[in-house]
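Step one of this worksheet: look at the structure below.
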Amino acid sequence: MATPVEQFRDLLDVEPPERTVLVRDSDEPAPLMRLLEGAFAGQPVDIETDTTVDGEPQVLVVEAGDIVARSSLDALMDAFLLVNSDSYRTGMAGIDTQQAPDVLTALADTKFRMRGFPASSKEKLLLIVLSRYIEQTALNDDAGTLRTSFQRLSRLNDERGTRAVYERLADSNVDTHVYGMPTDGTLPNLTVHDGRTPAYRDSWFVIHTGTDSPAALLCLQTNENEWDGLWTFDRERVDAIESVAATL
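Taking our numbering, I'd label the letters of the sequence shown as residues 5 to 252.
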C-alpha cells in the first residue's frame, strides 16, 4: 500500500492547463514587472504585457483564449508583490485584510515548484498567501473541517500571525485539526496530530471541507527550502487530498 507521502505525490501529479498572466498597463514600472516575472520564473505559467490599453492597470489570467480572472494591479501588489512572508507570520496586517487576488486563486490545479528565502523572496510567499486564503474561507464559513499541517507544530507558538489565526479558529465552529512534528504548548480547542514520519515532516497542507466552498493547498518538501505544491477548489480533488490527511 502506498504511503501517505506517495499518495500526496500522486495527487500533485496533474496536467496543468495552459494559462497566461497578462498585465494590462500603459506604463508598467520595470521593477514591478521584474518582480512578477521572477515570482513565476520556471513555472508553468507565462507572463505577458499589453501596453496598448488605457485605464486602470489590470492583471488577467487567460486560459484557452478566455479571461478567467482579473484583479487590479494594486490588489496584486498589496497582497503579493510588495509584501514579504513576515507580514503573514507576524500578523501585522491581520487575516481580515490579507486578501488573495482572483488572479492568484485562478491559478489552481497547477503544480508549482517553490523556493523559500533567500533563494526566492516570492515563490514560497505564493503558497503562504493561498494558505491564508483557505483559512480565511473557513473562518468566513464558520463551519466544516479544517486540516492544516505545519511540518513543525512549533510554528503555532513561534509565528504570532499564525497563532492569532488559529486562536480564532479554535473559538469558531470550524472543526480544526493541526498536524506536524511534536512541540509543547499548542493551542486549546484544536485537535492535534503529531508524529515524526515523513508525512508529518515533509507535507504542508491546508484543507477545508464540509461546506459549499471546498479548498485545499498541498505541498511536499523536496529539498531544503524547496516545495512542490498546488491549490485546488475542485471538490473531488479536495476530498482526495483530505482523505489522505485524515489517515495521519
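From the three backbone atoms N, C-alpha and C, an ideal C-beta is built for every residue, glycine too. This structure is a prediction, so every number in the text was calculated from the model and none was measured.
Assigned secondary structure, residue i (DSSP; H/G/I helix, E/B strand, else coil)
i, result
"Val-16", "In the sequence as presented, Val is not what sits at residue 16; that position holds Leu. It is helical."
"Met-5", "coil"
"Gln-155", "strand"
"Val-178", "coil"
"Thr-251", "coil"
"Leu-191", "coil"
Any non-hydrogen atom of the ligand MN within 7 Å of residue i CB
i, result
"Thr-187", "The model on display carries no ligand, and the ligand MN is accordingly not part of it."
Anticipated Cβ contact below 8 Å, residue i with residue j, distance rounded
i, j, result
"Val-248", "Gln-11", "5 Å"
"Thr-101", "Tyr-137", "13 Å between Cβ atoms; not a contact."
"Val-63", "Leu-80", "5 Å"
"Val-25", "Val-49", "6 Å"
"Ser-75", "Pro-105", "4 Å"
"Ser-153", "Phe-116", "With 8 Å as the limit, Ser-153 and Phe-116 do not qualify as a contact, their Cβ atoms being about 18 Å apart."
"Thr-215", "Asp-145", "5 Å"
"Arg-164", "Thr-94", "5 Å"
Identity of the residues DSSP links to residue i by a beta bridge
i, result
"Met-37", "BP columns for Met-37 are empty, so no partner."
"Gly-184", "Asp-198"
"Val-25", "Ile-51, Val-65"
"Arg-172", "Looking at the DSSP assignment, Arg-172 forms no beta bridge with any residue, so it has no partner."
"Leu-150", "Thr-180, His-212"
"Arg-119", "Glu-230"
"Thr-166", "Paired residue(s): none; Thr-166 is not in a bridge."
"Thr-141", "Bridge partners of Thr-141: none, in fact."
For the segment 217 to 235 against the segment 169 to 178, do three or more pairs of beta-carbon atoms, one drawn from each stretch, fall closer than 8 Å, so that the two count as touching? no
As an exercise, report each continuous alpha helix (DSSP H) stretch of at least 4 residues that is fully enclosed by the segment 49 to 117, in chain order. 77 to 80, 90 to 93, 106 to 109
I'd like the ranges of any alpha helix (DSSP H) spanning at least 4 consecutive residues and lying wholly in the segment 193 to 233. The alpha helix (DSSP H) runs lying completely inside the segment 193 to 233 and spanning 4 residues or more are 202 to 206, given in chain order.
So does the segment 188 to 195 actually touch the segment 217 to 231, counting three or more Cβ pairs closer than 8 Å? The answer is no - the segment 217 to 231 does not touch the segment 188 to 195, with fewer than three Cβ pairs under 8 Å.
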